[in-house]
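This report concerns only the one structure given below.
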Amino acid sequence: MQGVIGARSKTIVSNTSTDRLIADYGSWEAVAKAPLEEFTEILSIQTFPELSAQRLKDCLTAIVEKRGAVDLRHLSNLPTEEAMDWLETLPGIARKISAQIMNTSTFDRPVMVIEGHHRRIMQRMGLVPPKADTLRAYNALMPVLPEEWSAADMDEHHLLLKKLGQSHCRPSRTDCAACPVRPDCETGRAKASAGPAAG
Ligand code: SF4
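Residue numbers (my numbering): 15 to 213.
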């Protein structure tokens with residue numbers, strides 16, 4: 015549930031919120047039944063508490079309607095793509111969150127989680143089309159990733175790209191000259207051929 019409420023908030027903040035919700039209500043089913051205003055207060059540390067609360071309530075309610083409880087164990091019997099498609103029928107869940115659920119939970123499936131930094135770097139490197147959204151980037155990248163990569167490898171790759179996006183390949187400024195992946199990057203190579211002034 016951390017992914018559902020976590021848009022624009024740091025993971026640690028969303029983890030604190032989910033821990034508090036479970037501590038106060040005892041179960042996700044109880045959270046689903048609770049009045050929205052009541053747990054919006056608990057989510058006040060999220061960047062957008064009202065939006066997070068509404069998304070969480072909608073998502074939990076939909077799971078209870080489909081499954082009778084907040085229980086996703088049936089997904090472990092499904093192939094990864096089918097499991098992700100099922101998750102994406104829930105309100106507030108698109109490819110980034112379904113991938114997160116598959117990759118970083120007990121499902122432990124090797125699935126690439128693509129967020130803003132990751133997508134931007136892949137676009138600049140020329141590995142996905144320049145305007146690719148998360149789903150398009152996911153569809154372009156998954157087939158070319160090494161088959162032997164585990165869920166932990168996918169997660170490490172994601173964290174390393176996030177770091178690169180916060181250091182060298184920022185949204186509004188790139189430091190291609192010092193970037194460790196420049197030899198493999200279309201944008202970086204183009205800047206190198208254009209000369210030192212291009213960065
Ligand atoms: S070389 Fe430049 S554009 Fe390419 S990933 Fe590095 S910082 Fe980004």
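All residues carry an ideal CB built from backbone N, CA and C; glycine is no exception. Since the model is a prediction, treat every value here as computed from it, not as a measurement.
Limits of the unbroken alpha helix (DSSP H) element including residue i
i: T148; result: T148 to L155
i: E64; result: P63 to R81
i: K176; result: A165 to S181
i: K145; result: No alpha helix (DSSP H) contains K145, which DSSP labels as neither H nor E.
i: V45; result: W42 to K47
i: Q114; result: R109 to T118
i: R203; result: E200 to A208
i: T12; result: There is no way to answer for residue 12, as the model of the chain reaches only from 15 to 213.
i: E162; result: Run containing E162: none; DSSP gives neither H nor E here.
i: T54; result: L50 to I56
Residue of the options minimising C-alpha distance to residue i
i: I107; options: R123, I26 and K71; result: K71
i: H182; options: A165, A166 and T201; result: T201
i: K40; options: T103, P124 and V84; result: The sequence shown places Gly at residue 40, not Lys. Of T103, P124 and V84, the residue nearest in Cα terms is V84.
i: P124; options: D38, A166, R134 and W100; result: A166
i: R134; options: E162, A204 and R187; result: R187
i: P185; options: M136, R81 and L92; result: M136
i: C73; options: F62, S58, L89 and E102; result: E102
i: S164; options: M116, L57 and W100; result: M116
i: I36; options: A206, L159, D189 and I56; result: I56
i: L104; options: F53, T94, R203 and R81; result: R81
i: N29; options: S66, D198 and H132; result: S66
i: D198; options: A208, K177, R138 and T54; result: R138
i: A208; options: C190, P194 and G179; result: C190
i: L86; options: E162, E52, W42 and S58; result: W42
Assumed close pair residue i, residue j - CB separation to whole angstroms, cut-off 8 Å
i: S31; j: Q68; result: About 14 Å; that fails the 8 Å criterion.
i: M126; j: M156; result: 6 Å
i: E129; j: K110; result: 6 Å
i: L175; j: H131; result: 6 Å
Exercise. Could you say if the stretch 164-183 and the stretch 144-154 meet the contact criterion of at least three C-beta pairs nearer than 8 Å?
Key: no
Quiz item: Would you call the stretch 74-87 and the stretch 40-51 in contact, with 3 or more CB pairs under 8 Å?
Solution: yes
Self-check item: the stretch 135-146 touching the stretch 110-122, judged by at least three CB pairs closer than 8 Å
Solution: no
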